[in-house]
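I have placed the structure first, in the form of structure tokens, so that the comments after it can refer back to it.
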Amino acid sequence: MVTGEPTIETKEIVAAIRDAPAPVVNTRYLADEFDTTIERMKNRLTELVEEGVLEHTEARNRGHLWWLSVETEMES
């Protein structure tokens with residue numbers, strides 16, 4: 149993550165995914181939602197996968213898809 153830029157809060161990312169038109173989103177969608185770079189968003193989303201907040205897959209080397217983990221869904 150770029151030094152000096154504020155961290156995008158977990159709850160904001162979770163809310164953006166819940167409010168998305170589909171339950172699975174790509175990195176660009178969230179980067180656009182938060183007006184940030186794709187690289188910065190991918191790094192933050194990867195952190196959330198490591199924390200168990202999100203699940204992730206790479207779609208045939210064309211992009212990354214993200215969705216809320218079962219645990220995160222159960223917390224709502």
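Numbering (my numbering), first residue to last: 149 to 224. C-beta: ideal position from N, C-alpha, C; glycine also. The structure presented is a predicted model; accordingly, all values stated were derived computationally and were not measured.
Suppose contacts are defined by Cβ-Cβ distances below 8 Å. Is residue i in contact with residue j by that definition?
i, j, result
"Glu181", "Ala207", "no"
"Leu193", "Thr205", "no"
"Thr158", "Val201", "yes"
Look up residue i in the DSSP assignment and give the residues it is bridged to.
i, result
"Asn174", "Leu213"
"Glu203", "Trp215"
Relative to the C-alpha of residue i, which candidate in the options has its C-alpha closest?
i, options, result
"Trp215", "Asp167, Ala168, Val172 and Thr194", "Val172"
"Leu213", "Lys190, Pro154, Thr184 and Glu153", "Lys190"
"Met222", "Glu157, Val162, Thr155 and Ile156", "Val162"
"Thr220", "Thr155, Glu203 and Pro154", "Glu203"
"Gly211", "Glu153, Ile186, Asp167 and Glu160", "Ile186"
Within 10 Å of its beta-carbon, does residue i have 16 or more other beta-carbons around it, so buried, or fewer, so exposed?
i, result
"Val218", "exposed"
"Ala179", "buried"
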